[in-house]
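Visitor:
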Amino acid sequence: MKKKRKSAVLFILIVAVAFFSAFVGFKGMVISGWKFKSFDEVITKGLDLQGGVSVLMEIQENQVTREQLESTKEHISLRVNKLGVAETVVTTEGEKRIRVDIPGAFDSQEIVESLSKSGNLIFKGPNDDEILTGKDVKKASAVLDQQNGQPVVSLELNEDGQRAFSEATGKYVGQKISVYMDDELLTSPTVQTQIVDGNAVITGSQTLDEAKKLAGVINSGALPVTVKAVSVKNVGAQLGATALPNALKAGTLGIGLVFLFMICYYRVPGFLASIALVLFITITLFVFAQVGVTLTLPGIAALLLTIGMAVDANVLIFERIREELRKGISTKTSIKKGFENALSSIVDSNVTTILVGLILYFFGSGAVKGFAVTLMIGIIISLFTALVVTKLLINLAADIGMLNKLSHFRVKREVEHA
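This is the structure:
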């Protein structure tokens, strides 16, 4: 009796959390002054959903290294951020191209001109006197300090830069030297001692990724490349205004029909699977918001596809359970064997889909990559909800008596004839 009460409390708690989190996620809520924004407010939407400008830039040099491509990408990102545009997406495509997607209404010609500039990196002293330019920097690298393990940016200067920097650091010991890219402050490290060998270290980065980004921007100023806009597209917001509501209506209708089918065909297990599916959709959208996934129409298609695969996993599990029940095996044992028998099929199908997603991600570009990321995130979460959440709910339901009859599974026991 004690176990039954404990299972009932846990069952109710899981159901309440699933529906409450879904309500907060889709509607938003203010609790004790804390505002929980809805998914619509926090998930970044692609240009096909909200309109904007898409610019494809191409590096004009014949031989382009991966480091130069990444440095140019960071440089362009810095320029775009100066426009004050939120939710801008800058990605590399192939070996020489960089795509910039800027949501909202902007002058595409002005954006192209801004992105095509080579960049101007300047080191300034405390009196705003110019010490170095990008031409004086041979190389910038993100490394971990050997003494304290903190991420830093290591600078290697050329001969002219070495002379100028030695003089400046000797003059400004204990003071700050600021690094600017196109008049935008990147960092202001304090000079600890005179640097005479042309090898300097910039401290202050919180993470190695932050140090890599700073090094990339410095390199882009030290090694400027010529970029040219090869494609400029203005996407009207009218498309998104029509497409997004239609996609949401289609998705809601499809999910509703899936719920109806699962409940009518599988009865109590179908109802439990529907609860797990609600949790799956909520968790997936929450992950999209946290990792910064840009949701596009192909991304919505991938999300709906993963919902279908999540349902498919439940169908496999329930059919295996029903097979065991028809043999006259007890409910608890049938549930256990049903999950065990369905496990290999579920894992095989989902791993295969993840492999396809990886291929699309590494060899695709633009919307194809977005589709692949959305698909893989959804598949991984669907595995969790099918193999953990659904299993937990069914076992709890069996403990409290919700699944103790064959009719609860819509099963008729097979009758052996003499």
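Numbering of the sequence shown is given in the UniProt record's numbering, commencing with residue 1 and proceeding in unit increments.
Positions of the beta carbon are idealized from the N, C-alpha and C atoms, including for glycine.
(1) Mind checking who E319 pairs with in its DSSP beta bridge?
(2) Would you call the region 150 to 166 and the region 182 to 199 in contact, with 3 or more CB pairs under 8 Å?
(3) With distance defined between alpha-carbon atoms, name the residue in A16, R99, D40 nearest to V232.
(4) What's the C-alpha gap between A247 and T306?
(5) Measure the C-alpha to C-alpha separation of Q194 and E167 and round it to an integer number of angstroms.
(6) Bridge partners of K4, per DSSP?
(7) Hey, out of Q63, E58, G134, whose CA is closest to R97's CA?
(8) To the nearest angstrom, how far is it from the Cα of V287 to the Cα of I43?
(9) Report all residues from its chain with a CB closer than 8 Å to the CB of A418; omit the five preceding and five following residues, and keep chain order.
(10) Tell me, please, which residues DSSP counts as bridged to K139.
(11) Can you list, in chain order, the residues of its chain with a C-beta nearer than 6 Å to that of D101? Leave out the 5 residues immediately preceding and following it.
(12) Quick test of the definition: if touching needs 3 or more C-beta pairs under 8 Å, does the region 119 to 131 touch the region 174 to 191?
(13) Ignore the nearest five residues each way along the sequence and tell me which others in L208's own chain have a CB closer than 8 Å to its CB.
(14) Which runs of the beta strand (DSSP E) spanning at least 3 residues fall entirely within the region 308 to 355, listed in chain order?
(15) Between V351 and L360, how many whole angstroms is the CB-CB distance? I'm expecting something under 8 Å.
(16) Checking the sheet assignment: what are the DSSP bridge partners for F123?
(17) Along the chain, where does the alpha helix (DSSP H) that runs through D101 open and close?
(18) Count the other C-beta atoms from every protein chain shown that fall within 10 angstroms of the C-beta of P245, then say buried if there are 16 or more, exposed otherwise.
(19) Can you give the beta carbon distance from I335 to N395, rounded, assuming they're within the 8 Å contact cut?
(20) To which residues of the same chain is F26 closer than 7 Å at the C-beta, ignoring the five residues directly before and after it?
(21) Between the region 369 to 389 and the region 273 to 291, are three or more C-beta pairs nearer than 8 Å?
(22) Between the C-alpha atoms of T331 and L375, what's the straight-line distance to the nearest angstrom?
(23) Going by DSSP in three states, A418 sits in which element: helix, strand or coil?
(24) Can you give me the C-alpha to C-alpha distance between E70 and T226, rounded to a whole angstrom?
(25) Considering just the uninterrupted stretch of the alpha helix (DSSP H) at K391, what are its terminal residues?
(26) With DSSP collapsed to three states, give me the class of E93.
(27) With DSSP run on the structure shown, which of helix, strand or coil describes M57?
(28) Do you know how far the Cα of E61 is from the Cα of L132?
(29) To the nearest whole angstrom, what separates the beta carbons of Y266 and F339, a pair I think is in contact under 8 Å?
(30) To the nearest angstrom, how far is it from the Cα of V85 to the Cα of D312?
(31) Are K261 and L325 close, meaning C-beta to C-beta below 8 Å?
(32) Here's the rule: buried if 16 or more other CB atoms are within 10 angstroms of the residue's CB, otherwise exposed. What is L223?
Guide: Reading off the structure:
(1) The partner list for E319 (beta bridge, DSSP) is empty, contrary to what the question assumes.
(2) Verdict: yes, contact present.
(3) Closest option to V232, Cα to Cα, is R99.
(4) Here the alpha carbon of A247 sits roughly 15 Å from the alpha carbon of T306.
(5) Straight-line Cα distance between these residues: approximately 8 Å.
(6) Residue pairing by DSSP leaves K4 without any beta bridge partner.
(7) The shortest Cα separation from R97 among Q63, E58, G134 belongs to E58.
(8) Their Cα atoms are separated by approximately 10 Å.
(9) Low local confidence applies: a pLDDT of 40 at A418 is under 50, so the model's placement there is unreliable, with the coordinate-based value given in what follows. Cβ within range, chain order: n/a, list empty.
(10) Answer is E156, bridged to K139.
(11) For D101, where only same-chain residues beyond five positions count, the Cβ hits under 6 Å are L47, S54, V89.
(12) Flag = yes, the region 119 to 131 and the region 174 to 191 touch.
(13) The answer, listed in chain order, is A142, L144, P151.
(14) Complete beta strand (DSSP E) runs here, min 3: none at all.
(15) Separation of the CB atoms of V351 and L360 is rounded to 15 Å, and the pair is thereby denied contact status at 8 Å.
(16) The partner list for F123 (beta bridge, DSSP) reads L132, V179.
(17) Looking at the DSSP string, D101 is not in any alpha helix (DSSP H); the run it does join, the beta strand (DSSP E), is 97 to 103.
(18) It is exposed - the Cβ of P245 has fewer than 16 other Cβ atoms within 10 Å.
(19) Indeed they touch by this definition, with Cβ atoms about 7 Å apart.
(20) Scanning its chain for C-beta atoms nearer than 7 Å, with the 5 sequence neighbours on each side dropped, one finds around F26 the residues S38, F39, in chain order.
(21) Yes, the region 369 to 389 is in contact with the region 273 to 291.
(22) Cα to Cα, T331 sits roughly 35 Å from L375.
(23) With a pLDDT of only 40 at A418, under the threshold of 50, the placement of this residue in the model should not be trusted, and no figure is reported.
(24) Approximately 14 Å between the Cα atoms of the pair.
(25) For K391, the uninterrupted alpha helix (DSSP H) segment begins and ends at 390 to 399.
(26) Looking at E93 - three-state DSSP - the assignment turns out to be strand.
(27) If DSSP states are grouped into helix, strand and coil, M57 belongs with the strands.
(28) Each residue's alpha carbon lies about 25 Å from the other.
(29) With 8 Å as the limit, Y266 and F339 do not qualify as a contact, their Cβ atoms being about 15 Å apart.
(30) Low per-residue confidence applies at V85: pLDDT is 48, beneath 50, and the placement is therefore not dependable, though the value from the model is reported in the following sentence. Near 41 Å, if we compare the C-alpha coordinates of D312 and V85.
(31) The sequence as given places Phe at residue 261; Lys does not occur at that position. No, they are not a contact pair.
(32) Here L223 scores only 47 on pLDDT, less than 50, and its place in the model is too uncertain to base an answer on.
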